[in-house]
Amino acid sequence: MLKWFRYLVLAFSVIACLPALAQQNFVTLQHVPSVSRLRTGSFIPMPTTHARGLSSLPAGVASPHAKAASRSQLTRGRRYPGDLEYQGGVVLPTAVQHAIFTDPSSSCPPNSCWGDPIGFLSDLDKSRVIHLSDQYVGTSAPHRYPVGDNFVVPSYNPSAGVGQPFTNLDLAILAYSAAAQTGGLGLGNIYHVFLAPGQDACFDNTFSVCYSPDNVKTWFFCAYHGSAQDSAGNVVLYTVEPFQNVSGCNVRPDTPNGQLADSTNNVLSHEFFETITDPVGDGWWNSLNNGIFGEEIGDECSFLLFTATDVFFDPNLVRLNRNSYAIQPEYVNSQHACSTSASDGD
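Written out as structure tokens, the structure reads:
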């Protein structure tokens with residue numbers, strides 16, 4: 601996203617797993633499986649509405665996009681400043697999606713506490729909007745990002761202690777654990793980690809770059825996508841989806857499914873499209889324009905609505921698998937524009 605980091609971290613923990621709750625169609629992860637030498641990769645955040653257009657992260661944090669840009673081929677002829685350029689790396693022509701719901705409770709049940717993200721992901725996979733990514737991932741096949749196993753995690757606490765923020769490493773371990781236990785490691789799976797209302801998340805244990813609505817000084821992002829790799833070279837791709845129905849991350853009022861569901865869906869779609877087109881930071885992003893250098897397919901089209909009292913994300917109304925949603929458009933090189941239409945002239 602707007603900025604991204606690459607840190608190497610080692611992590612160690614111990615684990616066990618419970619069987620799936622068939623009646624709810626969830627796999628229960630009671631503990632976190634053991635992970636040795638897990639190395640986190642790209643961390644690519646979506647800035648809040650308040651940080652958008654500003655320096656969204658502290659000074660001194662470098663973007664590896666700057667190094668990757670030197671690998672781009674020389675461009676000739678007409679150039680469009682918003683177009684994304686391919687950096688020569690990995691994209692995802694197909695992948696199975698999985699939701700991981702942390703800290704479920706009677707007041708925050710899996711899935712419905714966040715609206716219906718599982719239903720949204722399923723409808724997105726079956727829609728024409730998914731074909732916005734065709735030109736980037738190299739296929740026009742339908743139904744290529746289905747929903748697979750989904751998980752609940754009732755007892756996974758931040759490494760800093762109960763009531764503290766999760767770190768990126770904490771959440772990478774969680775995604776890795778779900779993947780390792782169900783044969784989902786590799787570039788063919790994406791794990792979306794949903795955090796319960798009130799749970800903060802930060803990049804590392806300095807707790808200075810965070811999703812933290814309760815601490816404005818450290819609050820820089822709404823969500824992010826990332827990757828991690830174990831010592832054997834096995835990769836896990838994941839997004840982190842904190843609770844989005846808060847000022848700074850939510851969509852404008854009066855969307856089809858209400859602010860709770862459509863705020864979740866809007867940010868989830870942003871992270872999903874960026875994960876499939878730039879999963880580890882060397883895929884598609886803007887290296888032409890200094891003003892939006894490093895921005896991915898979703899960053900360029902994350903529009904805002906200002907009111908007298910607040911600022912909201914301003915999504916488009918779309919139909920996915922015959923159901924109405926409000927999600928942001930994505931940047932389409934062939935149209936040189938932000939669009940929710942999968943082909944020119946739609």
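Counting in the numbering used here, the sequence shown runs from 601 upward without gaps. Yeah, the Cβ is synthetic: ideal placement off N, Cα and C, and Gly gets one too.
Are there 16 or more other CB atoms within 10 angstroms of the CB of H698, so buried, or fewer, so exposed? Classification for H698: buried.
DSSP-derived helix/strand/coil call for A695: coil
Rounded C-alpha distance that separates C822 from V816: 12 angstroms
Tell me the DSSP secondary structure of E874 in three-state form. helix
So who's on the other strand from H825, going by DSSP bridges? H825 pairs with I644, T839.
Return the Cβ separation of H825 and E874 in integer angstroms, given the expectation that the two are a contact with Cβ distance under 8 angstroms. 6 angstroms
Closest by CA to T940, which one among S869, L904, S887? Among S869, L904, S887, the Cα nearest to that of T940 is on S869.
Hey, quick one: how far does the beta strand (DSSP E) through A926 stretch, first residue to last? 923-927
Looking at the unbroken beta strand (DSSP E) that takes in V753, where does it start and where does it end? 750-753
Just the C-alpha distance for F766 and P754, rounded to the nearest angstrom, thanks. Taking the straight line joining both Cα atoms gives about 15 angstroms.
For A662, the three-state DSSP class (helix, strand or coil): The predicted position of A662 is uncertain, since its pLDDT is 49 and thus under 50; a value taken from the coordinates is nonetheless stated next. A662 falls in the coil class under three-state DSSP.
Quick check on N789: buried or exposed, where buried means 16 or more other Cβ atoms within 10 Å of its Cβ? buried
What are the start and end residues of each continuous beta strand (DSSP E) run of 3 or more residues lying completely inside the segment 880-913, in chain order? 904-906, 911-913
From P717, Y736, C901, A908, residue whose alpha carbon lies closest to that of P929: Ranked by how close their Cα comes to the Cα of P929, the residues P717, Y736, C901, A908 have C901 in first place.
List the DSSP bridge partners of F766. A801
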